[in-house]
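Worksheet: one structure, shown below.
Dropping the structure here:
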């Protein structure tokens, strides 16, 4: 019998070893189609990094554009003398110096020396309590303001300054309102710019005279007294017009901690797989902690980004697992979760064969990720309380996938810790919406409560029985520090 | 070279008939064999740059085909444990041309009628020269199971051959 059996081996081996058969022509076509598909996938993967880079650049560009728009607005609010000559230098320092407090409300005079070659700025400060002169050199006969004479006297910086804004038709003199003047309406709100920067137009200054002086040829130095009457605070409400202050964009730093109730949305062609996972998995309370950096671009709009660490815990009920051949060729029990699957072998008992089953006790699945949100936000202010709803996207990088499975039989008990999950993507995108409720402590600090909702827009799984889209609702608390 | 479609076509035309013979032994049907062959050639074209020239090129391709067949077997059998089969319970082969002598085609049909577990072990042992330990490692089964499956496969084939011979004799 044994010889017959080996004869069988030889019979089959000798007959079939060199056996050839032509496959059907359709196979070649299918093979070509599969090769085309493979190449297309390679092509897609090749451009994936470019697509992601493009998305990132787009976001950065959007942020930059918004930021720049805020800067432009700020510049347009500076009350400086418009350029009418060939001067090009507009030093920001000079612009700031153009507007100072008018705490004393005294008489102002103008001191302009257009003959001084050192003064190349067209901005003209008006210094009070000083001999105010407008002088013009013989060579200057255009009437344009091409020189700026900054006061070197430190005492002047404590007093009233005026700036002159000239348009093609006329010039206006702008004085600043005093801090004291605004104290009664200053709530110290986080989002309002400094009231000291608020300028008013003082119509009592003789604008036409000044315009004539500045636009006509002045051949010899002469003193010009703009006004000799004292300018008292609060005495000219009827003739004073407030102009909206230029908003200065600022940065905000917001550390926070949040309690999250996480969950997920499962998609699959197999409803039984979805139901099975939903039955055996239950999200436990999770948390997130982060540091957000915001840029208040206007009084209403801001952009916010930062870095957030999130820890999500999912409890697992006991389940029956089956042995499969794992990707390394070994046979192990396959443990399926909503965010991937893992292969494990208990330390006790015989090695499993394909198809063997093992019932596990409870298990705990932990997911950790680092997220980078980018949100556009709109602020609604009511005195000391502000509400800032916002929405945006969040890039999530899964940094840790941990599965602790409790296995026990009548004689053994073991906790298997699995640190590698198959079928989990390292990156996914989420939509994020939040409403930041702030209470202003002072001009620099506010405390906040932050309800947040996140919903993944791309699955965290790949080649798993289900496609999983995590979502969470969290309540966070933190502080916001205003930076300049 | 990996992406040269003309080269791939030439390679396919050169080795496809021989490799089809290999795949037919591991498969239950011609359709399944063609699926294995397709998967195998996809791997060949993808990894051809990794062939270092150690051993024959045909041997390298053949190994890929065998692995493709084993991969398929692993996937399909993963839901069921390997079970022993009572070889006494099998009926005669229906689709075999018993009026002619036992040629390669008939022997191939006999191999294809083996249950998957037996067929794979028989192929690996007889045609690829694997030891039972190696078969056990490749399939994720014990050495004893491999021996048992081979023994049952031989008994099954012997019985079928005897039936065929008797039928031919009576004819």
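Chains as they are written, first to last, in this note's numbering: chain A, 1 to 484; chain B, 1001 to 1171. From the three backbone atoms N, C-alpha and C, an ideal C-beta is built for every residue, glycine too.
- Contact note: residue 1017 of chain B reaches chain A through 20, 21 and 22, using a C-beta cutoff of 7 Å and chain order.
- Close to chain A, meaning a Cβ-Cβ distance shorter than 8 Å, are the following residues of the segment 1044 to 1061 of chain B: 1045 and 1046.
- With contacts defined as CB atoms closer than 8 Å, residue 1111 of chain B and residue 12 of chain A qualify as a contacting pair.
- Secondary structure in the segment 384 to 428 of chain A: the beta strand (DSSP E) runs of 3 residues or longer, each lying completely within the stretch, are 385 to 408 and 413 to 418 in chain order.
- Counting C-beta atoms within 10 angstroms of its own C-beta, residue 1045 of chain B has 16 or more neighbours from the protein chains shown and is therefore classed as buried.
- When 8 Å is used as the limit between beta carbons, residue 8 of chain A is near these residues of chain B: 1154, 1157, 1158 and 1161, in chain order.
- For residue 1109 of chain B, the secondary structure class from DSSP, reduced to helix, strand or coil, is helix.
- The alpha-carbon of residue 457 of chain A is positioned some 12 Å away from that of residue 267 of chain A.
- Residue contact with chain A for residue 1108 of chain B: present (Cβ-Cβ distance below 8 Å to some residue of chain A).
- Under DSSP, residue 474 of chain A forms a beta bridge with A/260 and A/452.
- Within chain A, the C-beta atoms nearer than 8 Å to that of residue 1104 of chain B come from 15, 16 and 19, in chain order.
- Shown in chain order are the members of the segment 1124 to 1139 of chain B whose Cβ falls below 7 Å from a Cβ of chain A: 1126 and 1127.
- The segment 392 to 406 of chain A and the segment 347 to 358 of chain A do not touch, with fewer than three beta-carbon pairs separated by less than 8 Å.
- Distances from the alpha-carbon of residue 1014 of chain B to those of B/1035, B/1062, B/1032 and B/1030 put B/1062 closest.
- Annotation for residue 314 of chain A: the continuous beta strand (DSSP E) segment containing it runs 301 to 316.
- For residue 369 of chain A, the enclosing beta strand (DSSP E) has its first and last residue at 363 to 378.
- No Cβ of chain B is located within less than 8 Å of the beta carbon of residue 342 of chain A.
- Taking C-beta atoms as the reference points, residue 252 of chain A and residue 56 of chain A fail to come closer than 8 Å.
- Under the three-state reduction of DSSP output, residue 22 of chain A falls in the coil class, being neither helix nor strand.
- Take the alpha-carbon of residue 326 of chain A and the one of residue 348 of chain A: they are about 19 Å apart.
- Using a CB distance cut-off of 8 Å, residue 28 of chain A counts as an interface residue toward chain B.
- DSSP, reduced to helix, strand and coil, places residue 358 of chain A within a strand of the structure shown.
- Leaving aside the five residues that flank residue 278 of chain A on each side, the residues in its chain whose CB is nearer than 8 Å to its CB run, in chain order, 266.
- Residue 261 of chain A sits exposed, since fewer than 16 C-beta atoms from the chains shown fall within 10 Å of its C-beta.
- Here residue 320 of chain A carries a strand assignment [DSSP, helix/strand/coil].
- If you check the CB distance, residue 478 of chain A and residue 254 of chain A come in under 8 Å.
- Taking each of A/413, A/445 and A/289 in turn and checking the Cα distance to residue 346 of chain A, the smallest one comes out for A/413.
- For the pair residue 52 of chain A and residue 289 of chain A, the Cα-to-Cα distance works out to about 26 Å.
- With at least 16 other beta carbons inside 10 angstroms of its own, residue 274 of chain A counts as buried.
- For residue 1028 of chain B, there are no neighbours in chain A by C-beta distance under 7 Å, as the nearest C-beta there is about 15 Å away.
- As the crow flies, the alpha-carbon of residue 257 of chain A is around 15 Å from that of residue 446 of chain A.
- Between residue 420 of chain A and residue 1017 of chain B the beta-carbon gap is near 42 Å, outside 8 Å, which marks them as no contact.
- Counting only Cβ-Cβ distances below 8 Å, residue 1038 of chain B has contacts in chain A at 27, 30, 31 and 34, in chain order.
- Put simply, the CB of residue 319 of chain A is far from chain B, with every gap to its CB atoms at 8 Å or more.
- Excluding sequence positions up to five before and after residue 337 of chain A, its CB lies within less than 6 Å of the CB of 365, all in the same chain and listed in chain order.
- C-alpha of residue 1126 of chain B to C-alpha of residue 356 of chain A: approximately 28 Å in a straight line.
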